[in-house]
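Chains as they are written, first to last, in the numbering used here: chain A, 1219 to 1436; chain B, 1219 to 1436; chain C, 1219 to 1436; chain D, 1219 to 1436.
C-beta: ideal position from N, C-alpha, C; glycine also.
4 protein chains.
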Amino acid sequence: MPSKTFLNLSEEKRNKIIEAALNEFSLNDYNSASINNIVKVADISKGSMYQYFDNKKSLYLYLLELASEKKLNYISENIDIKSDKIFNLIKKMHLVGAKFDLTNPKYSMLIINAINETTNDELDNISSKLKEKSDQFFNKYIQEGQRNNLIRNDLDDELLSFLISRFSMVLIEYVSKKYNFTYLDLIKKGENKLPLPEKELEKILKQFITVFKDGFKV
Amino acid sequence: MPSKTFLNLSEEKRNKIIEAALNEFSLNDYNSASINNIVKVADISKGSMYQYFDNKKSLYLYLLELASEKKLNYISENIDIKSDKIFNLIKKMHLVGAKFDLTNPKYSMLIINAINETTNDELDNISSKLKEKSDQFFNKYIQEGQRNNLIRNDLDDELLSFLISRFSMVLIEYVSKKYNFTYLDLIKKGENKLPLPEKELEKILKQFITVFKDGFKV
Amino acid sequence: MPSKTFLNLSEEKRNKIIEAALNEFSLNDYNSASINNIVKVADISKGSMYQYFDNKKSLYLYLLELASEKKLNYISENIDIKSDKIFNLIKKMHLVGAKFDLTNPKYSMLIINAINETTNDELDNISSKLKEKSDQFFNKYIQEGQRNNLIRNDLDDELLSFLISRFSMVLIEYVSKKYNFTYLDLIKKGENKLPLPEKELEKILKQFITVFKDGFKV
Amino acid sequence: MPSKTFLNLSEEKRNKIIEAALNEFSLNDYNSASINNIVKVADISKGSMYQYFDNKKSLYLYLLELASEKKLNYISENIDIKSDKIFNLIKKMHLVGAKFDLTNPKYSMLIINAINETTNDELDNISSKLKEKSDQFFNKYIQEGQRNNLIRNDLDDELLSFLISRFSMVLIEYVSKKYNFTYLDLIKKGENKLPLPEKELEKILKQFITVFKDGFKV
DNA sequence: CATGAATGAGGCTTCATTCAT
DNA sequence: TATGAATGAAGCCTCATTCAT
């Protein structure tokens, strides 16, 4: 979505722009985010911004793509898809995903905000698309689990992947509630460090997986 | 939150205003919703609107209260809290909740939008408050279930209620995905009728409950 | 300026309205003062206010008249015009005037604000009129002093009365600066009590009179 | 306070805007002055104005600074501080100040209006600040006069400078009263020319100084 | 005589985008 | 390629006043 001009920019300048835009779009929803603010913070002219990106939407979608790519890369770099049993695999996916979110709160928040953009016509259902993508990602593993008789077959695979997918989206919310911090704090502080010991994160995930595997009942 | 002036209005006029505002706030997030639009549709002057409500926020919170009240009333009228076993009770709650959402899509969408207002400082964390309230509502039943040894005690009750609570928020999303309609359609058409047979709704819920009760595993 | 209706009101109600209006007009200049606010605080309907007074200006001028009258009464009650020598008389006038201002800050502030209304066409030069009135009041005494050879005759009597008159308008400002309080504080606290010992007020006035009588020079 | 954008404008355009704003703020108090009016007269779009200045206050403070600077420059260019005896110096200061006011009525009126802004919280006590500055300016000379035994030491130097300072603020008022013109006339006509012979101005000032030096008494 | 609902003009401000240089 | 000045629609909100009941 960005012009060649943008891609030819020095990395430093490009990053400054991305950083400024990321900040704005992670702290505001699409409509409330302001291009004016972004160019001010990035210290570039408005004309330049519109030479790099056709319009607000284009910039937004580019950032979103960047964030998605970054997250996917992080996950695929930190997980060994094949090695494990299904429930362990799912646990690891969530663990790695959560670690990405917590150490890249701006990117993560951007994606969350996009998922919340349910009413904005201008963005052609970006929210639905993102959710669908996530649902389908998990669906592969669910189906495989069912084929291997590790996951019960009397339940709709779409339902199961929907559940897993949605809960991957609120996991951080639970963690932050339990450990008393907010995304906003993480974003404002700057990032990089886990706000809780990894062991604790794993404990929570273990419980999550137990629920999904065995259910609530005694 | 509304002034006496508003409450003294003829019911017809009051409803026209509520309807117009509801429409705007269910189709747009808080910032994007426009008072100008609302007064145009309600066919009143801007000055009047501001004699009814102190400001945009006040109108919004009033609508939200209205919606919450309406939903709670609907649920308490359609459910017999005491009569049932825990998992049946939860199933019924969700069934009734879903029925409300599907037959009152504007009110429902308003609440959903409020839950998505995670970035708007002006609304003093309305999203968190709503979620917290829902979490605590379910927590009571979870704790009771644990006391009665119907729900396992080795899992954090907050985690379990968090899961149930969040699930109640996305249930309709799954239903609409499965039955190929969208909230927007329901809102635009006008309301009242379930867009799918109640039996089907129950079937879906039965599966959901099975998952929560027994888990994914074979 | 008020209607008979207003004058026939119970004293209590009338005072409530006056008090509310006084508050608004002492804390805001004419344009910024809001009838809406006044009726809200006075707890009467807008319709009533417009039955008591033709319009904003009419209410304002009424209050101003009230304040002027009150101040003049206070002064004439607390001073024995004839008994004294000219400079003593002037000193006493200022002392009494200052005491009125400090114990009736709302009325006083209203008058000060009116004197500051130099740009508002709507008020037909109320500021000039008030100043002129004050100038002429002092002019009588200056002329008499000159006739009696107590005040030098080589200086324009208008200039001298102008100086005395303007000084009377800023006296409180100096006092409040010297004694570290503000009109706003007095108004907000409620009134009645001198914020400094009367002796101190007299000391300041003694100096002032010395200046006017004998000048700066050694 | 203005943006670079504004400073980069052609002098012609910049002056047109300043002129329009000056007009509005000299003829109206802060609250009553209208940005809408200004942009209409200056023939620019509202959006442009807000690219030049952050907000109304910023524009206002810029004009005020401009006016203060212009007046100070005028005074320092037309007076030889060192050469004179104290009372002569004070007379000259007032003469030069009065000449500035009469030949730059818009700037002068703007400052006077600012001094009258006693009730507006938004302007953070601009009135007090301006007065204090003036008081302190004169205080230096009063203190020096006292050190050199030209001004009596039995009177509070703050009181003396307060008096001189306040009377510098009303001098023009007396002149215009005596010579039958108004600021408004000067502003509306355009400026530049003294509305009375300089000799006459000097005569008035001579009397003023006599009062301050020698007092009223025979 | 009291009420209070209705009004619409006008207030300040922000916005995404364009285009001549 | 970069710039930054220009725009005008739209945002929320306040106001003094009127008039039917």
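Query raised in the report: Can you find at least 3 beta carbon pairs, one from the segment 1365-1385 of chain B and one from the segment 1273-1289 of chain A, that sit closer than 8 Å?
Result: Taking a contact to require three or more Cβ pairs closer than 8 Å, the segment 1365-1385 of chain B and the segment 1273-1289 of chain A do not qualify as touching.
Query raised in the report: What are the start and end residues of the alpha helix (DSSP H) that includes residue 1365 of chain C?
Result: For residue 1365 of chain C, the enclosing alpha helix (DSSP H) starts and ends at 1344-1365.
Query - Coarse secondary structure for residue 1299 of chain A, derived from DSSP in three states - result: The answer is coil: DSSP assigns residue 1299 of chain A none of H, G, I, E or B.
**Report entry** Endpoints, the alpha helix (DSSP H) within which residue 1399 of chain C is located
**Finding:** Here residue 1399 of chain C belongs to no alpha helix (DSSP H), and DSSP marks it neither H nor E.
Query raised in the report: Which parts of the segment 1228-1316 of chain B are runs of the alpha helix (DSSP H), unbroken and 4 residues or longer, counting only runs that do not cross its ends?
Result: Every unbroken stretch of the alpha helix (DSSP H) spanning 4 or more residues and falling wholly within the segment 1228-1316 of chain B is given here in chain order: 1229-1245, 1253-1260, 1264-1270 and 1274-1296.
Query raised in the report: residue 1369 of chain C CB to nearest chain D CB: under 8 Å?
Result: Closer than 8 Å to some Cβ of chain D, the Cβ of residue 1369 of chain C qualifies, so yes.
Query - Nearest-angstrom Cα separation, counted from residue 1400 of chain A out to residue 1335 of chain D - result: Each residue's CA atom was taken as its position, placing residue 1335 of chain D and residue 1400 of chain A some 44 Å apart.
Query - Beta bridge counterpart(s) of residue 1220 of chain A as assigned by DSSP - result: Among the bridge pairs identified by DSSP, residue 1220 of chain A is matched with A:1271.
**Report entry** Proximity to residue 1397 of chain D [Cα-Cα], best of D:1422, D:1283 and D:1386
**Finding:** Residue 1397 of chain D has its Cα closest to that of D:1422, out of D:1422, D:1283 and D:1386.
**Report entry** Identified DSSP bridge partners for residue 1369 of chain D
**Finding:** Listed as beta-bridge partners of residue 1369 of chain D by DSSP are C:1435.
Query raised in the report: Within 8 Å (strictly less), CB to CB, does residue 1336 of chain B reach chain A?
Result: True, the Cβ-Cβ gap to chain A drops below 8 Å.
Query raised in the report: Can you tell which of B:1282, B:1369, B:1428 and B:1346 has the C-alpha that lies nearest to the C-alpha of residue 1248 of chain B?
Result: Shortest Cα-Cα distance from residue 1248 of chain B to any of B:1282, B:1369, B:1428 and B:1346 involves B:1282.
**Report entry** 8 Å Cβ cutoff met for residue 1262 of chain B and residue 1239 of chain B
**Finding:** Inclusion of residue 1262 of chain B and residue 1239 of chain B in the CB contact set at 8 Å is not warranted, their separation being larger than that value.
Report task. Out of D:1294, D:1305 and D:1357, state which residue places its alpha-carbon closest to the alpha-carbon of residue 1432 of chain D. Result -> Out of D:1294, D:1305 and D:1357, the CA that lies nearest to the CA of residue 1432 of chain D is found in D:1305.
Requested in this report: Using a Cβ cut-off of 8 Å (strictly closer), state whether residue 1249 of chain C contacts chain D.
Outcome: For residue 1249 of chain C, a Cβ of chain D is located within less than 8 Å of the residue's own Cβ.
Query - Minimum Cβ-Cβ distance from residue 1433 of chain C to chain D less than 8 Å - result: With respect to chain D, the C-beta atom of residue 1433 of chain C has a partner C-beta closer than 8 Å.
Report task. Taking 8 Å as the cut-off, decide whether the C-beta atoms of residue 1244 of chain C and residue 1331 of chain C are in contact. Result -> A contact, by the Cβ cut-off of 8 Å.
Requested in this report: Compare the C-beta of residue 1381 of chain C against all C-beta atoms of chain D and say whether one is closer than 8 Å.
Outcome: Proximity of residue 1381 of chain C to chain D, defined by a Cβ-Cβ separation below 8 Å, is satisfied.
**Report entry** Inter-residue spacing [alpha-carbon to alpha-carbon] between residue 1310 of chain B and residue 1361 of chain A
**Finding:** Those two C-alpha atoms are separated by around 29 Å.
Query raised in the report: Considering only C-alpha positions, which residue in the set A:1267, A:1428 and A:1393 is nearest to residue 1416 of chain A?
Result: A check of alpha carbon separations from residue 1416 of chain A across A:1267, A:1428 and A:1393 identifies A:1393 as the nearest.
Query raised in the report: Among B:1268, B:1385 and B:1284, which one has its Cα closest to the Cα of residue 1233 of chain B?
Result: Minimum Cα distance to residue 1233 of chain B is reached at B:1284.
Requested in this report: State the DSSP-derived secondary structure class of residue 1321 of chain A, mapped to helix, strand or coil.
Outcome: Helix at residue 1321 of chain A.
Requested in this report: Below 6 Å CB to CB, which residues in the same chain sit around residue 1345 of chain A once its five sequence neighbours on both sides are set aside?
Outcome: Taken in chain order, the residues that qualify are 1333, 1335 and 1336.
Query raised in the report: Between residue 1404 of chain B and residue 1314 of chain B, what straight-line distance do the alpha-carbon atoms span, to the nearest angstrom?
Result: So the two alpha carbons sit approximately 18 Å from each other.
Report task. Keeping to the same chain, check which residues put their C-beta closer than 8 Å to that of residue 1207 of chain B; ignore five residues upstream and five downstream. Result -> Outside the modelled stretch of chain B, which goes from 1219 to 1436, sits residue 1207 of chain B, for which no answer is possible.
Requested in this report: Enumerate in chain order the residues of its own chain whose CB-to-CB distance from residue 1321 of chain B is below 8 Å, with the five nearest sequence positions on each side excluded.
Outcome: Hits under 8 Å: 1409, 1410, 1411 and 1412.
Query raised in the report: Looking at C-alpha atoms only, which residue of A:1235, A:1307 and A:1299 is the closest neighbour of residue 1280 of chain A?
Result: It is A:1235 whose Cα lies nearest to the Cα of residue 1280 of chain A.
Query raised in the report: Given a limit of 7 Å on CB to CB distance, which residues of the segment 1389-1401 of chain A reach chain B?
Result: The segment 1389-1401 of chain A vs chain B, Cβ under 7 Å: 1392.
Query raised in the report: Can a CB atom of chain B be found closer than 8 Å to the CB of residue 1165 of chain A?
Result: An answer regarding residue 1165 of chain A cannot be provided, because it is not within the stretch 1219 to 1436 covered by chain A.
Query raised in the report: Candidates B:1435, B:1371, B:1299 and B:1293: which alpha carbon is nearest residue 1369 of chain A's?
Result: Here the closest residue by C-alpha is B:1435.
Report task. Please work out which residues of its chain come closer than 6 Å, Cβ to Cβ, to residue 1265 of chain D, disregarding the five sequence neighbours upstream and downstream, and give them in chain order. Result -> Nothing meets the Cβ criterion.
Query - Coil, strand or helix - residue 1410 of chain B by DSSP - result: Here residue 1410 of chain B sits in coil by DSSP.
Query raised in the report: DSSP state of residue 1335 of chain C, grouped into three classes?
Result: Coil.
Report task. Could you have a look at residue 1375 of chain C and say whether DSSP puts it in helix, strand or coil? Result -> Three-state DSSP puts residue 1375 of chain C in a helix.
Query raised in the report: Closest to residue 1220 of chain C by CA distance: which of C:1312, C:1268, C:1260 and C:1259 is it?
Result: The option with the nearest alpha carbon to residue 1220 of chain C is C:1268.
Query - Residues of its chain near residue 1365 of chain C, where Cβ-Cβ distance is below 6 Å and the 5 sequence neighbours each way are ignored - result: Correct list: empty, nothing qualifies.
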